[in-house]
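Residue numbers (my numbering): 3 to 962.
Right, one structure below, let's go through it.
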């Protein structure tokens, strides 16, 4: 799998995967609410408000079952010429026998490496079809595979899925197994290498006995992965991957008759498999609280409280989920209010209710601020939880939970597939509850839920003894490595890499792909407010929501060299209180409306965004106006957010990705360039920022003469212009001048290695970067095609070399970054430690070859063009995707119908155009190679490459 996920589906917000970040809005608890009565309060939300919204949540479907037991659901949605193909197998890591941990996930990887009649990489076939939102994931209960394809490619997509369901083993070889074993082990290293990355193993071991079906991680152990054999592959496939153990959902541009014909044609000959026995699962309760202390390379002590909880089908699950949302999920949660906002003991607190079929997990974690006593913070955390157990959620808290959840369900209806679209919701209901409309029953239970029912669930489940883990800064224990790392002989019997898991069956013929109409992009209309602010609007009526983005020409590059982190702190502070509402009241008002208001930046722009239910658009815009125009810059909020941002910087400098990002910006642009400055800043700079600095930055950048507005959704240009004009049309800019960015000429390019030491890392992060001699305004489509071939996807050269051929990385990619004032190419690969030097050389070699000895081939060029053209109709299914394209087109000075011109542009392009663009713009000798890893282990490997090496370190207290 490419991405590991915990929950998915329209109804998944009933189960929390919630983290309250350092700069998130916070909210007073019940006691503190009485202190804030001076400010105006939004009208109360009632359960009937949420119930009215829930009535709009509907996913109509039809169903049928093949004689071999394959259950099929069909949902018709004609808004785009695409069909989501989502297939779910009722087997996951809880089904793994002793000594086979990680095998369900390893097998998922093998499903992407070729079947008997489609022997090549699966993504090669799907990319050529123009597939979007494609992946596969494994978790405790299930394994799923999904993609959206153009309607004309549905027959072939079903052929591919059927071939790996019924005709896989003849395409699986020992060589493929060995390769994917290495890939999965690198995926494991990648997760383990993160700060706090080893906690999951301790949580599972502390809560459950090792023989429990949920008692081990899905990724498995290195030793068990080392032991996986072709016999295991054969047995797992034959025992678990029968059609009678699968659910297939087709959602989108499809009808029942077509679905029946194509599914029967492709899947009908696959024989029924053995029935899978559902494991017996208990929900253990610890006899007494269990305390554990872990050491890790982290900047902050983190405190955990963990419990086992009932599965998602248990009657207690919905009331427990709703109650814990009030405890730790809302922006106005009890935990956030007390620990983060009022008492300023932690930089962040999170609550995660991980919903599984038979057993769930509840985890609460808090990052202790420097200077605080972790044990006293832990005691305070326990006291807040105990108080919540005593009182339960209030009616107001529960009503806000219902409103936020109901609005989330509406937003989830916009996508047919992917990680969390309508296909996912239907599949989960049928697979786990034998009911595709399980989501409706859960929503009905939620809307009818009373505080007494929620309180009863909390009392029943949260009064049980917790697992208490404390992760302290320190040295990690020795890492459990694979026997294959650094070994020339693992002691295992030698098996020919060409040996297959089973003889192949009869040949099957690929069905044709029928033509699909080119992409249609919504018409972009424009208007002007009374003060000259431009409004760009695209109408979208699939769901009753409206998205508004107020874009200011600022961004992180607006920071100055001695004021790094200023824009980050300023945008954080403005969301934490206005002149009429404190942060508590802002959060509550947002929740009562089912709205989402966010403030943030990219390198080039700063955004004030609102996503509103159409019925609540006016009040949501009132709230957005208040945030934009009336920030309070409260001194206490400034200090709270400053402390949190500084803690975040220190944590960033323990994270391999954070270290790499800081190093590559400075190496590419030079230390003082606006694009090189770290968005979060340095500790010294953030410490020195004053309230005057924040107000000055706001006046210089957040102003109507620096504003452009973008809107998508269920309204009209006339209606939205009227709404915006009444709130922003009379906004007058301040007398002070707009500020200017420091985007001086970047540093001169020279090939070198920048080494950042992170002792003990089992994996190294490699980023190769260079600035390109082009601009974001130029037509760079040939460069995009060249990048697609080099490293733009799952069948590109970098991925196929470092992952699929060598097995050194979980994934290697390249990408072109189009900032407003610079264009850069970046190659990135996290690799196993002992292959760091060879991996850098492999990346260099791939660049040299595509520019000289191995230019783009005709097949590569055709696949890249086909993928670009055919994926366009599926790329703008959501309002968010349309809004993002509108923003990019304006910044890059492209016409509003740019997307609709792309098919013609790509079809006219020649192979020579792509090759020449790469040769003209990419210099293989001007990459700077940033490497983050254990210097003692990897520096000798890098020295062998013959490039200059600069060793760089980042001191959390340094000024730069």
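By construction, the Cβ of each residue, glycine as well, lies at the ideal position given by its N, Cα and C atoms.
Decide if residue 397 is buried, meaning its Cβ has at least 16 other Cβ atoms within 10 Å, or exposed. exposed
Where residue 730 and residue 753 are concerned, what is the direct C-alpha to C-alpha distance, given to the nearest angstrom? 49 Å
State yes or no: is the C-beta of residue 61 within less than 8 Å of the C-beta of residue 248? no
Would you mind giving the Cβ-Cβ distance between residue 564 and residue 687, rounded to the nearest angstrom? I have them listed as a contact below 8 Å. 7 Å
Assuming residue 63 and residue 72 are in contact, meaning their beta carbons sit under 8 Å apart, how far apart are those beta carbons, in whole angstroms? About 16 Å; that fails the 8 Å criterion.
Anticipated Cβ contact below 8 Å, residue 679 with residue 826, distance rounded: Not confirmed; about 16 Å, so no contact.
Strand pairing of residue 830, partner residues [DSSP]: 769 and 815
Which listed residue (860, 905 and 69) has its alpha carbon closest to that of residue 2: A query on residue 2 cannot be resolved here, the shown segment of the chain reaching from 3 to 962 and no further.
Note down the Cα distance separating residue 65 from residue 258, rounded to an integer number of angstroms. 8 Å
Start and end residues, alpha helix (DSSP H) containing residue 927: First-last for residue 927: undefined, no H or E at that position.
4-residue-minimum alpha helix (DSSP H) runs that sit fully inside the region 503 to 579, ordered along the chain: 568 to 576
Assign residue 319 to one of two classes, buried (16 or more other C-beta atoms within 10 Å of its C-beta) or exposed (fewer than that). buried
Would you call residue 782 buried or exposed, if buried means 16 or more other Cβ atoms sit within 10 Å of its Cβ? buried
In three-state terms, what does DSSP make of residue 135? strand
Report yes or no: do the region 818 to 837 and the region 560 to 580 share at least 3 C-beta pairs separated by less than 8 Å? no
Considering only the beta carbon of each residue, do residue 284 and residue 314 sit closer than 8 Å? no
Assign residue 338 to one of two classes, buried (16 or more other C-beta atoms within 10 Å of its C-beta) or exposed (fewer than that). buried
Can you find the residues in the same chain that come closer than 7 Å, C-beta to C-beta, to residue 120, ignoring five residues on each side of it along the sequence? 127, 162 and 165
Can you tell me which residues form a DSSP beta bridge with residue 89? 147 and 250
Tell me where the beta strand (DSSP E) around residue 953 begins and ends. 951 to 954
Between residue 852 and residue 920, which are expected to be in contact by the criterion C-beta below 8 Å, what is the C-beta distance as a whole number of angstroms? 6 Å
Taking residue 812 and residue 800 to be in contact with their CB atoms under 8 Å, please state how far apart those CB atoms are, rounded to whole angstroms. In fact, because the Cβ distance is near 12 Å, the residues do not count as touching under 8 Å.
Is the separation between the beta-carbon of residue 483 and that of residue 197 shorter than 8 Å? no
Entirely enclosed alpha helix (DSSP H) segments - the region 660 to 713, minimum 4 residues: 685 to 690 and 693 to 703
Touching by the beta-carbon criterion (3+ pairs, under 8 Å), the region 713 to 721 and the region 731 to 749: no
As an exercise, report each continuous alpha helix (DSSP H) stretch of at least 4 residues that is fully enclosed by the region 401 to 486, in chain order. 424 to 435, 440 to 449 and 453 to 464
Tell me whether the region 514 to 524 and the region 872 to 882 touch, counting them as touching only if at least three CB pairs, one residue from each stretch, are closer than 8 Å. yes
Going by beta carbon distance, what residues of the same chain come within less than 8 Å of residue 802, once the five residues before and after it are set aside? 123
Residue 743 to residue 226 span [Cα, whole Å]: 54 Å
Per DSSP, residue 297 forms a beta bridge with which residues? 474
Using CA coordinates, which residue listed in 294, 720, 793 and 785 is at the minimum distance from residue 923? 785
Under 7 Å Cβ to Cβ from residue 183, same chain only, skipping five residues before and after it: list those, please. 108, 227 and 230
What's the call for residue 402, buried or exposed, on a 16-neighbour Cβ count within 10 Å? buried
Coarse secondary structure for residue 111, derived from DSSP in three states: helix
Would you call the region 94 to 107 and the region 134 to 144 in contact, with 3 or more CB pairs under 8 Å? yes
Can you name, in chain order, every residue of its own chain whose Cβ lies under 8 Å from the Cβ of residue 632, other than the five neighbours on each side? 580, 581 and 582
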